[in-house]
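Asker: Here it is, the structure, as structure tokens.
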Amino acid sequence: DTAVSQTPKYLVTQMGNDKSIKCEQNLGHDTMYWYKQDSKKFLKIMFSYNNKELIINETVPNRFSPKSPDKAHLNLHINSLELGDSAVYFCASSRGLAGVRQETQYFGPGTRLLVL
Amino acid sequence: QQQVKQSPQSLIVQKGGISIINCAYENTAFDYFPWYQQFPGKGPALLIAIRPDVSEKKEGRFTISFNKSAKQFSLHIMDSQPGDSATYFCAASRTFGNEKLTFGTGTRLTIIP
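Chains as they are written, first to last, in this note's numbering: chain X, 95 to 210; chain P, 1370 to 1482.
Take a look at the structure:
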């Protein structure tokens, strides 16, 4: 059973399009994250949700909008895609709750987005 | 204040040798320091983590050394194997609350026979 799954695995699209990436975790975790990994492998957090509530929102263009329908799902919608959005997007989850010590983050397999 | 600096960017080690990757942080409030391992085409996975109440933590061939006064920590891989070839990321955060992990820039490790 896959702990953190993402769909699609690959996404090739034209500039200006709108696309979504879906993430699901079956670990019973309360916190989920979106990370962006660029071509140089640099890994940077974009958003974090705890029990469907947004708790971390880094300096990300507002073309990126996360949505958490329930605590097991965190989707990422991207409007008006740009060339610079090409990257690998990772979803992750952890048990972390507010006021509880930092827990291991479990990463999904990634979604490779290529904007042409 | 939130940076974590990692070196080297890439490392080639002979099979059986010791691989050493170093990280330095600036924020003195950080007190959780994990290392993540990422194989090509996969997501990062936790390898080993340390909290500053100890100066060293060992799990199998992997050891974290931690120097609180110097604000540095390092990963040592003993008896390095070709299967250890991957990208390694150090990270840091505060223990409590929903603090984000700040990742280093990654080290691409290649173990040659």
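Note that CB positions come from ideal geometry on N, CA and C, so glycine has one too.
How would you label X/Val98, buried or exposed, when you count the other beta carbons within 10 angstroms and need 16 or more for buried?
Answerer: buried
Asker: Does P/Tyr1394 have its Cβ less than 7 Å from a Cβ in chain X?
Answerer: no
Asker: In this structure, how does DSSP classify X/Asp164 when only helix, strand and coil are distinguished?
Answerer: strand
Asker: Going by the CB atoms, is the gap between X/Asn144 and X/Phe124 shorter than 7 Å?
Answerer: With the sequence shown as reference, residue 124 of chain X is identified as Asp, and Phe is not the correct amino acid for it. Against a cut-off of 7 Å, the Cβ pair of X/Asn144 and X/Asp124 comes out as a contact.
Asker: Looking at P/Arg1420 and P/Tyr1401, is the spacing between their C-beta atoms short of 7 Å?
Answerer: yes
Asker: Give me the chain P residues within the contact set of X/Pro203, using Cβ-Cβ distance strictly less than 7 Å, ordered along the chain.
Answerer: Identification of chain P residues near X/Pro203 by a Cβ-Cβ cut-off of 7 Å yields Lys1411, Gly1412, ordered along the chain.
Asker: Mind listing the chain P neighbours of X/Lys135? Cutoff is C-beta to C-beta under 7 Å, in chain order.
Answerer: Thr1456, Gly1475
Asker: Given a cut-off of 7 Å, decide if X/Phe136 and P/Thr1474 are closer than it, judged by their beta-carbon atoms.
Answerer: In this structure, the beta-carbon distance from P/Thr1474 to X/Phe136 falls below 7 Å.
Asker: Check the Cβ-Cβ distances between P/Ser1462 and every residue of chain X, and say whether any is below 7 Å.
Answerer: yes
Asker: Just the chain X side, please: which residues come within less than 8 Å of P/Leu1478 by C-beta, in chain order?
Answerer: Annotation: P/Leu1478 has no Cβ neighbours in chain X at a cutoff of 8 Å; minimum Cβ distance is about 12 Å.
Asker: Compute the Euclidean distance between the alpha carbons of P/Trp1404 and P/Phe1435, then round it to the nearest angstrom.
Answerer: 12 Å
Asker: By Cβ distance, which residues of its chain are closer than 8 Å to P/Gln1370, with the 5 residues on each side in sequence left out?
Answerer: Confidence at P/Gln1370 is low in this model, with a pLDDT of 48, below 50, so its placement is unreliable and the value that follows should be read with caution. These residues qualify, in order along the chain: Glu1395, Asn1396.
Asker: Do you know whose CA, among P/Ala1398, P/Pro1377, P/Phe1399, lies nearest P/Ile1390's CA?
Answerer: P/Pro1377
Asker: Please identify the residue among X/Glu147, X/Glu176, X/Leu121, X/Lys146 whose C-alpha is closest to the C-alpha of X/Arg157.
Answerer: When each option's Cα is compared against that of X/Arg157, the closest is X/Glu176.
Asker: Whose CA, out of P/Thr1432, P/Lys1384, P/Lys1440, lies closest to the CA of P/Ala1398?
Answerer: Nearest of P/Thr1432, P/Lys1384, P/Lys1440 to P/Ala1398, Cα basis: P/Lys1440.
Asker: Going along the chain, which residues of the segment 141-175 of chain X sit with their C-beta nearer than 7 Å to a C-beta in chain P?
Answerer: Ser142, Asn144, Ile149, Ile150
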